[in-house]
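Chemist:
Protein chains: 2
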Amino acid sequence: MGNDKKFVEAITSMDEDFAQWYTDVVKKAELVDYATVRGCMVIRPYGYAIWENIQKNLDQMFKETGHENVYMPMFIPESLLEKEKDHVEGFAPEVAWVTHGGNQELTERLCVRPTSETLFCDHYSKIIQSYKDLPKLYNQWCSVVRWEKTTRPFLRTLEFLWQEGHTAHATAEEAQEETTRMLNIYATLCEEILAIPVVKGRKTEKEKFAGAEATYTIESLMHDGKALQCGTSHNFGDGFAKAFNIQYTDKNGKLQYVHQTSWGMTTRLIGAMIMVHGDNSGLVLPPKIAPIQLVIIPVAQHKPGVLEKAGELKEELTKIARVKIDDSDKMPGWKFSEYEMKGVPLRLEIGPKDIEKNQAVLVRRDNREKIFVSLDELEVKVAEVLEDIQNSLLEKARTAQNEKTSIAVSLDEFKRLLDEKTGFVKAMWCGDRACEDAIKEQTGATSRCMPFEQEKVDSKCICCGKPAEKLVYWGRAY
Amino acid sequence: MGNDKKFVEAITSMDEDFAQWYTDVVKKAELVDYATVRGCMVIRPYGYAIWENIQKNLDQMFKETGHENVYMPMFIPESLLEKEKDHVEGFAPEVAWVTHGGNQELTERLCVRPTSETLFCDHYSKIIQSYKDLPKLYNQWCSVVRWEKTTRPFLRTLEFLWQEGHTAHATAEEAQEETTRMLNIYATLCEEILAIPVVKGRKTEKEKFAGAEATYTIESLMHDGKALQCGTSHNFGDGFAKAFNIQYTDKNGKLQYVHQTSWGMTTRLIGAMIMVHGDNSGLVLPPKIAPIQLVIIPVAQHKPGVLEKAGELKEELTKIARVKIDDSDKMPGWKFSEYEMKGVPLRLEIGPKDIEKNQAVLVRRDNREKIFVSLDELEVKVAEVLEDIQNSLLEKARTAQNEKTSIAVSLDEFKRLLDEKTGFVKAMWCGDRACEDAIKEQTGATSRCMPFEQEKVDSKCICCGKPAEKLVYWGRAY
Chain V
0 MGNDKKFVEA
10 ITSMDEDFAQ
20 WYTDVVKKAE
30 LVDYATVRGC
40 MVIRPYGYAI
50 WENIQKNLDQ
60 MFKETGHENV
70 YMPMFIPESL
80 LEKEKDHVEG
90 FAPEVAWVTH
100 GGNQELTERL
110 CVRPTSETLF
120 CDHYSKIIQS
130 YKDLPKLYNQ
140 WCSVVRWEKT
150 TRPFLRTLEF
160 LWQEGHTAHA
170 TAEEAQEETT
180 RMLNIYATLC
190 EEILAIPVVK
200 GRKTEKEKFA
210 GAEATYTIES
220 LMHDGKALQC
230 GTSHNFGDGF
240 AKAFNIQYTD
250 KNGKLQYVHQ
260 TSWGMTTRLI
270 GAMIMVHGDN
280 SGLVLPPKIA
290 PIQLVIIPVA
300 QHKPGVLEKA
310 GELKEELTKI
320 ARVKIDDSDK
330 MPGWKFSEYE
340 MKGVPLRLEI
350 GPKDIEKNQA
360 VLVRRDNREK
370 IFVSLDELEV
380 KVAEVLEDIQ
390 NSLLEKARTA
400 QNEKTSIAVS
410 LDEFKRLLDE
420 KTGFVKAMWC
430 GDRACEDAIK
440 EQTGATSRCM
450 PFEQEKVDSK
460 CICCGKPAEK
470 LVYWGRAY
Chain Z
0 MGNDKKFVEA
10 ITSMDEDFAQ
20 WYTDVVKKAE
30 LVDYATVRGC
40 MVIRPYGYAI
50 WENIQKNLDQ
60 MFKETGHENV
70 YMPMFIPESL
80 LEKEKDHVEG
90 FAPEVAWVTH
100 GGNQELTERL
110 CVRPTSETLF
120 CDHYSKIIQS
130 YKDLPKLYNQ
140 WCSVVRWEKT
150 TRPFLRTLEF
160 LWQEGHTAHA
170 TAEEAQEETT
180 RMLNIYATLC
190 EEILAIPVVK
200 GRKTEKEKFA
210 GAEATYTIES
220 LMHDGKALQC
230 GTSHNFGDGF
240 AKAFNIQYTD
250 KNGKLQYVHQ
260 TSWGMTTRLI
270 GAMIMVHGDN
280 SGLVLPPKIA
290 PIQLVIIPVA
300 QHKPGVLEKA
310 GELKEELTKI
320 ARVKIDDSDK
330 MPGWKFSEYE
340 MKGVPLRLEI
350 GPKDIEKNQA
360 VLVRRDNREK
370 IFVSLDELEV
380 KVAEVLEDIQ
390 NSLLEKARTA
400 QNEKTSIAVS
410 LDEFKRLLDE
420 KTGFVKAMWC
430 GDRACEDAIK
440 EQTGATSRCM
450 PFEQEKVDSK
460 CICCGKPAEK
470 LVYWGRAY
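From first to last, the protein sequence lines are chains V and Z.
Under numbering that gives the first Met the number 0, the first residue of the first sequence is numbered 0, with each subsequent residue one higher.
Under numbering that gives the first Met the number 0, the first residue of the second sequence is numbered 0, with each subsequent residue one higher.
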C-alpha cells in the first residue's frame, strides 16, 4: 500500500492548516482549477457533476411547487440598477462594468448582474396587469459576478453559479408564505440530500439583503467551527414594486402594488460539503449527491475471470446506483486513494479469492468499515449501506454541530467559548445595532441568525445588559 | 367563435410581412420579451421550457458519446484572447469589454466571452500531459455575448444561450471523427426532434470559423426561403495547440501537439422552429420538443361531470404525454386560439355531449384535422397522432425545402431562381474566393455549404466559367 500512503500524504492535514487542506482537496479531487482571470474558477467535470445533481434536486422541488424557469439578460443598465435606493447602495461598489461594446464606448455603462432583482422588476412591471396574472413564480439558473477582493474556490469567487428565484404576489401574506416555503426547500436540500444540518432563522437588520424587508437564512457549521450561510430567502414587501411601479388591478378594480420575494443558492454549497464531511484523505460525498456512488476496483485484474466478474457486477448494480468501474492499469492501492480523495461513498473490491468465495468486499468511505458480502445479497446490501452512509453523515455532522454550539450569558464567557472551540454561540440580544457592532468588534463574531426556534437562555442582552427578548446565533463566518 | 377570430387577427400574415409575422409570434406566443438592454432577450417560461427540452435532448446525446460538462469563467483577459491570431481578428471587433471592477479601473481589460476556445485551451495546456489524458471531451452550457448592430429575438442577439463543446485529441484522425460525430448529432437533433430537415456540408474558407482549419455546418431553409445555419462543428487541427502550447507525451515518450475541435448550438434553434413550422395562427411545435403536447379544453365546463371527466382524462394521458388542462373561465374559442398561437400539437375537447357518447374530439395543430375518438381508445390514439404529427412536420418541411431548392448553371439563371422563389440554389464553384465574392455581390447570396452529398450539376464554375469540381449550396441567409 505504498502508493496509497504517498497519495494521501500529498494533502495537508486539516488540523495543521484548515485553509490549505481545503485548497488541497479542491484541487486534488479535481473539482476546480484556477482560471487565468483573478478570482474565477474553472469548474472541472467532477465538480460540475456535483453541481448538476444539486440543480436536478432543487429544480425538481421548484417545479413541484409551481415555479417556472426563465432567462434574463446578464447586463443591467446603470440607470436600472439605481432604481431601488438600498439595493444600489448594497451592490454598486462590487460590480463589474462594461463600458465598451464592439469598439465603441457605450452611452450608458452596463453592469454584469450581481443579482437580478432589477431585471425581474422591470419585466414584471410590463407583464403584470391584473390579479389574474398573479402569482408570478419565476426562477433562473445563471452565473453572477461580484467584484470580491479576496476569493476562495466555491466559497467566494468573482463569478459563481447559482439560481435566483423572483416572485410577485397579490398580498403580503402570500409573499411571506413563499419566503418561508423556499427557505424550507433549501433546508430540505441541505439536510436530506447534502447531509448538512442547518439552523433556520432570520437575519438582523444589519445583515439583511440590500433592499429587503426581511431576510431568512439557513446557517451551518464547518469542521473548523466557522459558520457558512447556505441559502437565503428575502421578503421585499412592496418596496421594489413601488420603485419599479409594479401594480395590478385587484378583484374590485383597485390598483395595488405587488409583494415580492427572492431566494438563492450557489456553488458555495459544494464548499460547504467539503468542509462539513471531508477528512484528511479528501472529500466525503453523501450518496444522494455523489456523481459516482460506488466504484468497482478489480483486484489482480489480469487473472482470468476478474474483469468479467467486475463487469457483471457493474451491470447489476447500475440498476440501483451510479457505478463506475476502474480497470485502468494503476495499482489497486493507488485507485483506492484516488476515489477516497474524490469522496466516492462506497468501494467494491473483487479479486480471484473473492470470486472463489462468491463474495465481494465493500469499503465505506465515511468510516472505512470493511464489509464482506455474498454476491447473492449484493444488490440489497449496497442499497442498504448507501442509505446508511447518507444517514450517518447527517448524524455525524449534527453531533459535531451540537458539540460546537454553546450558550453564553456574559461577553467574557462568549469570548472564551468562541476561542476554545469556535462554533455557534447562542446569546441574548436587545435588538440594538450598537450592541451587534460592539459584539463583532470585541469577538470577531457576527450575528448569523435569530433562529425560528427561540429559547430564552437569559433575560438580558449579552452586550449592554438591558432586557432582551431575542436569542441570536453568533459565529465567525466564511 | 368571435373571440377566436379577434385573437388570430392580432398577428400579421406571413405573406404580407414575414419579419413582422415572426416578431408577432415571438411576442404573442410569450416566448420572449424585449429587455431594457438593447438587443437582449428576456426568455419567458414558455420559451425557456422549449430550450430546456433542447438541452435535455442534446445533453443526453453528448453524455452518451462520452462528453462531460464543465464551466469556464465568463471573462477572457485581452492578452489571452489575442493568443491565436485569426481567432482574435474574428472576434475582437464584436466583444463587450469590462474595464472597471468594484469602482477600480482594471489593469487589463476583460472581454465577456463571445466563445471560449481561448479559455479551454488555457485550461487544457495545464491539465494535459500524457496520451493517457486524452481525449478530453468537454462541453459547457452558458451564455455568450457578441456586440451585434442589428438584432432579432433568437436569430441574432447581443447575448444568447448555447452549448459549446471543446475537445482535445491525440491525432488528427480522431479530431476529424469527433467533428463529424458532433455534426451528425446536431443533424439528428434537428431532424428527429425539431423536425427540421438540414443539409450537411463544409463551409468555404471565407465562411469558416475564425481560427478553424475546417468548419462543418447544417443548413436549413425557412418559410421565406432564407437559409439558417443551425449548428456548426469546427476542426482546429493543431493551430490552437501551437498557440497555447498544448502538448502531450505520446506512447514513445515523444512530445506531440493535440488536435482540437469545437462545436455549438444556440437558442437560434427556437427561431428556426418558428420559421419552419409556424403559420398564420402562430407557432407550430413538433411534439417531441413541445412543453405541452396536448391541451385539454373542457366545453361547457359548468355542466355537471365535465371538469371531473377532463381531470380523469388528464390523469390518464399524463402517463404518455405532457398534458395541460385549461379550466380557466375564458371562452373555449379564446382558449383554442391561445394554444394554437403557442403551437401545442394536439387539443382535446370534451363536453357533455362527448361524455354521453363516450368520446372526445382531438384537433391537430398542424393540419387542423378533427378526430372523434372513443374514450376507450384514447391513450393509443393520442400516442399515434402525436407520432404522426412529428413525422408529418418533418415531411412537410422536407417537401418545402425541396421545392425551394433549384439548380443553376448560369449566373442569370441563378439570379432569376433566387428572385422567383428564394431558397437554396445549387451551383458549381471553382474554389476561388474572388468568384464567391462576386456571386454575393451580384445575387445577395452567400455560400451556405459544400454538401457532403456532392452532385456534378455542371462542369464549370457558375461565375468564371473555369472548370469546377465543387457543388455549393447558395442562399440568402439569416
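Virtual Cβ for every residue (Gly too), placed ideally from N, Cα, C.
Taking any Cβ of chain Z, which residues in the stretch 71-95 of chain V have a Cβ under 9 Å from it, in chain order?
Modeler: So the close ones are Met71, Pro72, Met73, Phe74, Ile75, Pro76, Ser78, Leu79, Ala91, Pro92, Glu93, Val94, Ala95.
Chemist: In chain order, what residues of the stretch 31-42 of chain V put their CB closer than 8 Å to some CB of chain Z?
Modeler: Hits within the stretch, in order: Asp32, Ala34, Thr35, Val36, Cys39, Met40, Val41, Ile42.
Chemist: By alpha-carbon positions, which one of Z:Val94, Z:His99, Z:Ser280 ends up nearest to alanine 91 of chain V?
Modeler: When only C-alpha atoms are compared, the closest one is Z:His99.
Chemist: Would you list the residues sitting across from proline 450 of chain Z in a DSSP beta bridge?
Modeler: According to DSSP, proline 450 of chain Z bridges with Z:Gly200.
Chemist: Shortest alpha-carbon distance to tyrosine 70 of chain V belongs to which of Z:Phe74, Z:Tyr45, Z:Val69?
Modeler: It is Z:Tyr45 whose Cα lies nearest to the Cα of tyrosine 70 of chain V.
Chemist: Quick one: what does DSSP say asparagine 2 of chain V is sitting in, helix, strand or coil?
Modeler: Per-residue confidence for asparagine 2 of chain V stands at a pLDDT of 41, beneath the threshold of 50, marking its modelled position as unreliable; no derived number is given.
Chemist: Going by DSSP, name the residue or residues bridged to tyrosine 137 of chain V.
Modeler: The partner list for tyrosine 137 of chain V (beta bridge, DSSP) reads V:Glu67, V:His165.
Chemist: Could you spell out the range, first to last residue, of the beta strand (DSSP E) harbouring valine 17 of chain V?
Modeler: Reading off the sequence shown, one finds phenylalanine at residue 17 of chain V, where the question assumed valine. First-last for phenylalanine 17 of chain V: 17-27, but that is the alpha helix (DSSP H), not the beta strand (DSSP E).
Chemist: Expressed to the nearest angstrom, what Euclidean distance is found between the alpha-carbon atoms of tryptophan 473 of chain V and serine 409 of chain V?
Modeler: Using only the alpha carbons, I get a separation of about 13 Å.
Chemist: For alanine 444 of chain V, I'd like the list of residues in its chain whose CB is within less than 7 Å of its CB, leaving aside the five on either flank, ordered along the chain.
Modeler: Result list for alanine 444 of chain V: Leu417, Val424, Ile438, Trp473, Gly474, Arg475, in chain order.
Chemist: When you compare the CB of aspartate 121 of chain V with every CB in chain Z, is at least one pair closer than 7 Å?
Modeler: Judged by the 7 Å Cβ criterion, aspartate 121 of chain V is in contact with chain Z.
Chemist: Relative to the alpha-carbon of valine 372 of chain Z, which residue among Z:Ile349, Z:Ser391, Z:Glu173 has its alpha-carbon at the smallest distance?
Modeler: Among Z:Ile349, Z:Ser391, Z:Glu173, the Cα nearest to that of valine 372 of chain Z is on Z:Ile349.
Chemist: Would you say the stretch 78-96 of chain Z touches the stretch 162-175 of chain Z, given that touching needs at least three Cβ pairs under 8 Å?
Modeler: No contact exists between the stretch 78-96 of chain Z and the stretch 162-175 of chain Z.
Chemist: At a Cβ threshold of 7 Å, is aspartate 16 of chain Z touching chain V?
Modeler: Aspartate 16 of chain Z does not count as touching chain V.
Chemist: Just checking, does the stretch 262-274 of chain Z make contact with the stretch 226-244 of chain Z on the three C-beta pairs under 8 Å criterion?
Modeler: The answer is yes - the stretch 226-244 of chain Z touches the stretch 262-274 of chain Z, with three or more Cβ pairs under 8 Å.
Chemist: If you count every other CB in all the chains shown that lies within 10 Å of the CB of proline 478 of chain Z, and 16 or more means buried, which is it?
Modeler: Residue 478 of chain Z lies beyond the residue range present for chain Z, which begins at 0 and ends at 477; the question has no answer from this structure.
Chemist: Put cysteine 462 of chain Z into one of helix, strand or coil per three-state DSSP.
Modeler: Cysteine 462 of chain Z: coil per DSSP, three-state reduction.
Chemist: Any beta carbon of chain V sitting closer than 7 Å to that of asparagine 2 of chain Z?
Modeler: Note that asparagine 2 of chain Z scores a pLDDT of 41, beneath 50, so its modelled location is shaky; the value from the coordinates is reported in the next line. No, its Cβ sits nowhere closer than 7 Å to a Cβ of chain V.
Chemist: Measure the beta-carbon distance from serine 219 of chain V to valine 283 of chain V and round it to whole angstroms, keeping in mind my assumption that it falls under 8 Å.
Modeler: Not confirmed; about 15 Å, so no contact.
Chemist: In angstroms, rounded to a whole number, what distance separates the CA positions of alanine 211 of chain Z and histidine 86 of chain Z?
Modeler: If I take the Cα positions, the gap works out to 8 Å.
Chemist: Using the beta-carbon of each residue, which ones in chain Z are nearer than 7 Å to tryptophan 146 of chain V?
Modeler: Simply Gly100, Gly101.
Chemist: Mind listing which residues of the stretch 114-144 of chain V have their C-beta closer than 8 Å to chain Z's C-betas, in chain order?
Modeler: Correct list: Leu118, Asp121, His122, Lys125, Ile126, Tyr137, Cys141, Ser142, Val144.
Chemist: Within 8 Å, do at least three Cβ pairs link the stretch 184-195 of chain Z to the stretch 390-401 of chain Z?
Modeler: At 8 Å Cβ cutoff, the stretches touch.
Chemist: Could you please give me the residues that DSSP links to aspartate 278 of chain Z through a beta bridge?
Modeler: In the DSSP output, where bridge partners are listed per residue, aspartate 278 of chain Z has Z:Gly281.
Chemist: Examine the Cβ distances between the stretch 201-215 of chain V and the stretch 172-185 of chain V and report whether three or more of them are shorter than 8 Å.
Modeler: These segments touch.
Chemist: Check for me: the alpha helix (DSSP H) holding arginine 489 of chain Z runs from which residue to which?
Modeler: The structure shown does not extend to residue 489 of chain Z, since chain Z spans only 0 to 477, so no value can be given for it.
Chemist: Taking 7 Å as the CB-CB cut-off, is valine 294 of chain V touching chain Z?
Modeler: No, because no Cβ of chain Z sits closer than 7 Å to the Cβ of valine 294 of chain V.
Chemist: Using a beta-carbon distance cut-off of less than 7 Å, what residues from the stretch 153-170 of chain V approach chain Z?
Modeler: Answer in chain order: Glu158, Leu160.
Chemist: Quick one, which of Z:Lys62, Z:Gly277, Z:Glu83 has its alpha-carbon nearest glutamine 139 of chain Z's?
Modeler: Nearest option by C-alpha distance: Z:Lys62.
Chemist: Give me the residue from Z:Met427, Z:Thr442, Z:Cys448 with the minimum Cα distance to lysine 465 of chain Z.
Modeler: Among Z:Met427, Z:Thr442, Z:Cys448, the Cα nearest to that of lysine 465 of chain Z is on Z:Met427.
Chemist: With a threshold of 7 Å between beta-carbons, can asparagine 183 of chain V be considered close to chain Z, or not?
Modeler: By this cut-off, asparagine 183 of chain V is not an interface position.
Chemist: Please report the straight-line C-alpha distance between alanine 240 of chain Z and alanine 271 of chain V, rounded to a whole angstrom.
Modeler: Those two C-alpha atoms are separated by around 36 Å.
Chemist: Can you grab the Cα-Cα spacing for the pair phenylalanine 208 of chain Z / arginine 151 of chain Z, in whole Å?
Modeler: Each residue's Cα considered, the two are about 22 Å apart.
Chemist: Quick check: the stretch 118-138 of chain Z against the stretch 16-35 of chain V, are at least 3 beta-carbon pairs closer than 8 Å?
Modeler: With the cut-off at 8 Å, the stretch 16-35 of chain V and the stretch 118-138 of chain Z touch.
Chemist: Give the straight-line distance between the Cα atoms of aspartate 223 of chain Z and tryptophan 20 of chain Z, rounded to the nearest whole angstrom.
Modeler: Cα to Cα, the separation comes out at about 11 Å.
Chemist: Any heavy atom of the ligand PLP closer than 6 Å to the CB of glycine 100 of chain V?
Modeler: As for the ligand PLP, it is missing from this structure, which has no ligand bound.
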